[in-house]
Amino acid sequence: MPFNPLQEKGIPLEEQIRNWRELNVEPFDPDTVHPYTRCRVITMNGIEMESILFSHNFARHTNDTELRRQLALSRYVESQQQRVVNWLLPGWSSVLETTIAYEQVATDLTSWVARNEPDPYLRQAYEFGVLEDFDHLYRYSNLYEMIEHRKAEKIVDELTEVMPGRPTKVEHRHPFDNVRENYDKEAAAPISKLHQLTITAAEQQTLNFYANVGPQYMEPIARQLYQEIALIEEEHVTHYESLLDGDQTWLEQLLLHEYNECYLYYSFMEQEVDPKIKRVWETHLAMEIGQLQAAADLLRRYEDRDPAELLPAEVPNVLLFEPNKQFLRDLLATQMDLTTLGTGYVREQHERFVKMQERLHGGEQPPSERVVAVHEERFGGDYRSEQEGPHPVEAFRQHAEARA
Amino acid sequence: MTATAKRTMPYGVMPAADVVDLLLQQHGRIRDLMTEVMGGSGDQRRAAFRQLVRLLSVHEAAEEEVVHPVARRHAAAGDSIVADRLQEEHDAKELLEQLDGMDPDAPDFLPLFLRLRDAVITHAVSEQRYEFNNLRHKASPAELAGMRLLVQAAEKVAPTHPHAGVESATANIVIGTPTAIIDRARDAIRAARERLPRSGG
Ligand SMILES: [Fe+2]
Ligand SMILES: [Fe+2]
Ligand SMILES: [Fe+2]
Ligand SMILES: [Fe+2]
Ligand SMILES: [Fe+2]
Ligand SMILES: [Fe+2]
Chain A
1 MPFNPLQEKG IPLEEQIRNW RELNVEPFDP DTVHPYTRCR VITMNGIEME SILFSHNFAR
61 HTNDTELRRQ LALSRYVESQ QQRVVNWLLP GWSSVLETTI AYEQVATDLT SWVARNEPDP
121 YLRQAYEFGV LEDFDHLYRY SNLYEMIEHR KAEKIVDELT EVMPGRPTKV EHRHPFDNVR
181 ENYDKEAAAP ISKLHQLTIT AAEQQTLNFY ANVGPQYMEP IARQLYQEIA LIEEEHVTHY
241 ESLLDGDQTW LEQLLLHEYN ECYLYYSFME QEVDPKIKRV WETHLAMEIG QLQAAADLLR
301 RYEDRDPAEL LPAEVPNVLL FEPNKQFLRD LLATQMDLTT LGTGYVREQH ERFVKMQERL
361 HGGEQPPSER VVAVHEERFG GDYRSEQEGP HPVEAFRQHA EARA
Chain B
405 MTATAKRTMP YGVMPAADVV DLLLQQHGRI RDLMTEVMGG SGDQRRAAFR QLVRLLSVHE
465 AAEEEVVHPV ARRHAAAGDS IVADRLQEEH DAKELLEQLD GMDPDAPDFL PLFLRLRDAV
525 ITHAVSEQRY EFNNLRHKAS PAELAGMRLL VQAAEKVAPT HPHAGVESAT ANIVIGTPTA
585 IIDRARDAIR AARERLPRSG G
């Protein structure tokens, strides 16, 4: 049966405000949770944070008091949704464990989006970016074993492999080269717009998280690695946000945000294995339907436009968290040495790239290289979790001694 | 093993593996053994639980003898922080002893075990946040190294990675109850302390 959130019966905004008891959710158990349940929690936290930040920015671009009131109300319930979703994370987990889960999200979410993106230019943007977060997963996993003495496979399980991606060291590009061309709002498929919103939100949350928690560590290498990777996440937000057609009005973008939340809660509800968390997704879906309809009313009222014309007639194929091992290995084999020049992709180390690298690295090895070097020194090799054979690129295979 | 090599880094020093590294490793292992006990049944659960009893007893004994006294000196409000940790260890030890006398496949084992797990992991995370962080910051490298030796001495009392086949009834008799293991670990720590050139704690 086709599901169209614009037609469904949602909860009116006023009725969405929850009390303390309803907000006081029980966190999941970090040692028995399904890794993809944790990924869904992290994803939806990023999506809710985006809805809040977007709404605040919208409110700063209008003087209409009535509109600001409507935004304030929906933003308040979005805030409660964020508090519920992110409070599913357990206090037992360390910052680094959550970080590793963030990179698992970036790896498997971006892979799925790349595989399902109909537009080749947009797909290339996701394929390009995913190899970088895949490398972050490897760097943080080495740090984790070094300072917390536990293996990352305890967190990601064998759903996601851990091995070098495009080395973080060469991910530092000149900011000009991080700006892509935007999709065309008239021509782009609705699903392309949703993908762009989802990945941008996830990357923005990752950036904010690393930039805030990095200094909580005492170990110099940990502090430095967070600093470095948080800078790459800045590049990722720039890269993905520039895919957006910025000519869409604020209200049009609000509508897309709400629709995307419906789409994602619907997707996650369908696949959730944890019954308690499934109920959260169900409740939030019902809320988002109400929020979408409120946004649709605003669009009719202020712009005299029909929201149905901007949205798909039925919800697209559900977005899935699932292993992407072969997909990633194919990308590793073919796209590791790519970089960007202007809005396109090249293999050469062009002048602007080289200059940027020289300026930033200042003749030293960056933290992302040193973390692996120190790990090798201490443990006799780097940390990896490879289930499907050695690294697809010969130069990135582990030394025989390290595997022993 | 390059654990003692000190690596100078451009923006600071990556310290050599110290007593905190060892304790963190034990915390990780305790956590994983608990997941094994929860997930397994029969002999598998029994074996995991035996390992857990040994490791947890040795670990908590070492913390009481070696870590908490030093943390008390170094942490702000060290007395009250350590008092909280000691209370938690005391409560956990009671649960552990109760469980030790039970059949791991009995219906009331798992609910009680889940209480132990909750108490122990929460306790370990509190140690990491309120004690270990301070310890690393304020204790001297020599003090940390001495403490590491003492914790290692305790660890030898009850090896937690038995080779296949060694796990037998005799091993259990030799090792005994949590209280017996704790006593032996304490003795080992005290003996090792005598051998240290200068007291490590
Ligand atoms: Fe929301
Ligand atoms: Fe990343
Ligand atoms: Fe990223
Ligand atoms: Fe919403
Ligand atoms: Fe303890
Ligand atoms: Fe402990």
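Those sequence lines, one after another, are chains A and B. Each residue of the first sequence is one higher than the one before, counting from 1 in my numbering. Each residue of the second sequence is one higher than the one before, counting from 405 in my numbering. We treat Cβ as the ideally placed atom computed from N, Cα and C, and that holds for glycine. Fair warning: this is a prediction, and the values are worked out from it, not measured in the lab.
Given residue i as reference, the closest of the options once Cα atoms are compared
| i | options | result |
| --- | --- | --- |
| Leu-225/A | Asn-4/A, Gly-10/A, Val-371/A, Glu-377/A | Val-371/A |
| Ser-51/A | Leu-360/A, Thr-110/A, Ala-152/A, Gln-205/A | Gln-205/A |
| Leu-499/B | Thr-583/B, His-431/B, Asp-587/B, Gln-448/B | Thr-583/B |
| Pro-30/A | Tyr-345/A, Thr-99/A, Pro-90/A, Gln-227/A | Pro-90/A |
| Leu-255/A | Arg-300/A, Glu-272/A, Arg-397/A | Arg-300/A |
| Arg-359/A | His-172/A, Lys-185/A, Tyr-210/A | His-172/A |
| Ile-593/B | Gln-429/B, Phe-536/B, Ala-466/B | Ala-466/B |
| Val-555/B | Asp-591/B, Thr-581/B, Tyr-534/B | Asp-591/B |
| Gln-491/B | Ala-549/B, Thr-526/B, Gln-430/B | Thr-526/B |
| Glu-349/A | Val-170/A, Arg-38/A, Val-113/A | Rather than Glu, the amino acid found at residue 349/A in this sequence is Gln. Here the closest residue by C-alpha is Val-170/A. |
Distance CB(residue i)-CB(residue j) smaller than 8 Å
| i | j | result |
| --- | --- | --- |
| Arg-489/B | Asp-483/B | no |
| Asp-133/A | Ala-106/A | yes |
| Thr-160/A | Asp-108/A | yes |
| Arg-115/A | Phe-327/A | yes |
| Ala-543/B | Val-474/B | yes |
| Ala-596/B | Val-561/B | no |
| Leu-292/A | Met-269/A | no |
| Glu-464/B | Glu-501/B | no |
| Glu-455/B | Leu-427/B | The residue asked about is misnamed: residue 455/B is Gln in this sequence, not Glu. Going by C-beta atoms, Gln-455/B is not nearer than 8 Å to Leu-427/B. |
| Asp-247/A | Tyr-183/A | no |
| Pro-12/A | Gly-362/A | no |
| Ala-211/A | Gly-46/A | no |
| Val-405/A | Gln-16/A | Since the first and last residues shown for chain A are 1 and 404, residue 405/A lies out of range. |
Alpha carbon of residue i to alpha carbon of residue j, nearest angstrom
| i | j | result |
| --- | --- | --- |
| Gln-124/A | Pro-27/A | 37 Å |
| Phe-3/A | Glu-314/A | 5 Å |
| Met-287/A | Gly-380/A | 52 Å |
| Tyr-138/A | Ile-147/A | 15 Å |
| Thr-32/A | Val-441/B | 12 Å |
| Thr-340/A | Pro-35/A | 33 Å |
| Lys-9/A | Trp-92/A | 38 Å |
| Leu-338/A | Ala-222/A | 27 Å |
| Ala-230/A | Phe-209/A | 8 Å |
| Asn-576/B | Ile-232/A | Any reading at Asn-576/B needs caution, since the residue's pLDDT is 44, under 50, leaving its predicted position unreliable; the model's value is listed next. One C-alpha to the other measures close to 53 Å. |
| Val-465/A | Ile-42/A | Because residue 465/A is not part of the residues shown, which for chain A are 1 to 404, the question remains open. |
| Ile-277/A | Arg-83/A | 14 Å |
| Arg-449/B | Val-457/B | 12 Å |
| Leu-6/A | Glu-252/A | 14 Å |
| Thr-581/B | Val-462/B | 11 Å |
| Val-374/B | Leu-553/B | An answer regarding residue 374/B cannot be provided, because it is not within the stretch 405 to 605 covered by chain B. |
| Thr-65/A | Glu-261/A | 26 Å |
| Asp-150/A | Glu-377/A | The question names Asp, but residue 150/A in the sequence shown is Arg. Cα to Cα, Arg-150/A sits roughly 17 Å from Glu-377/A. |
| Val-156/A | Asp-297/A | 42 Å |
| Ala-295/A | His-478/B | 56 Å |
| Glu-203/A | Asp-177/A | 18 Å |
| His-567/B | Thr-343/A | With a pLDDT of 45 at His-567/B, under the threshold of 50, the predicted position of this residue should be treated as unreliable, though the coordinate-derived value follows. In a straight line, the C-alpha of His-567/B is about 59 Å away from that of Thr-343/A. |
| Val-179/A | Ala-546/B | 52 Å |
| His-56/A | Thr-249/A | 15 Å |
| Glu-22/A | Glu-303/A | 36 Å |
| Glu-14/A | Gln-81/A | 14 Å |
Beta carbon proximity, residue i to chain B, threshold 8 Å
| i | result |
| --- | --- |
| Lys-154/A | yes |
| Gly-381/A | no |
| Glu-388/A | no |
| His-149/A | yes |
| Met-356/A | no |
| Met-163/A | no |
| Met-218/A | yes |
Contact with chain A by residue i, beta-carbon distance below 8 Å
| i | result |
| --- | --- |
| Val-529/B | yes |
| Thr-581/B | no |
| Asp-425/B | yes |
| Ala-575/B | A caution first: Ala-575/B carries a pLDDT of 46, below 50, which makes its placement in the model too unreliable to give a value. |
| Asp-422/B | no |
| Gln-429/B | yes |
| Gly-432/B | yes |
The region 28-45 of chain A: positions lying closer than 7 Å to chain B by Cβ:
Asp-31, Thr-32
Check distances from the C-beta atoms of the region 92-123 of chain A to those of chain B and list, in chain order, the residues that come in under 7 Å.
Trp-92
Which residues, in chain order, does the region 523-550 of chain B contribute to contact with chain A at a C-beta distance below 9 Å?
Close to chain A, meaning a Cβ-Cβ distance shorter than 9 Å, are the following residues of the region 523-550 of chain B: Ile-525, Thr-526, Ala-528, Val-529, Gln-532, Asn-537, Arg-540, His-541.
Which residues, in chain order, does the region 262-294 of chain A contribute to contact with chain C at a C-beta distance below 9 Å?
The chain labelled as chain C is not found among the protein chains of the depicted structure, namely A and B.
Select from the region 434-461 of chain B all residues with a C-beta closer than 9 Å to any C-beta belonging to chain A, and list them in chain order.
Arg-435, Asp-436, Met-438, Thr-439, Met-442, Gly-443
Positions along the region 328-349 of chain A whose CB lies within less than 7 Å of some CB in chain B:
none
Run the Cβ filter for me: residues under 6 Å from any heavy atom of ligand 8, listed in the order they occur in the chain.
This structure does not include ligand 8; its bound ligands are ligand 1, ligand 2, ligand 3, ligand 4, ligand 5 and ligand 6.
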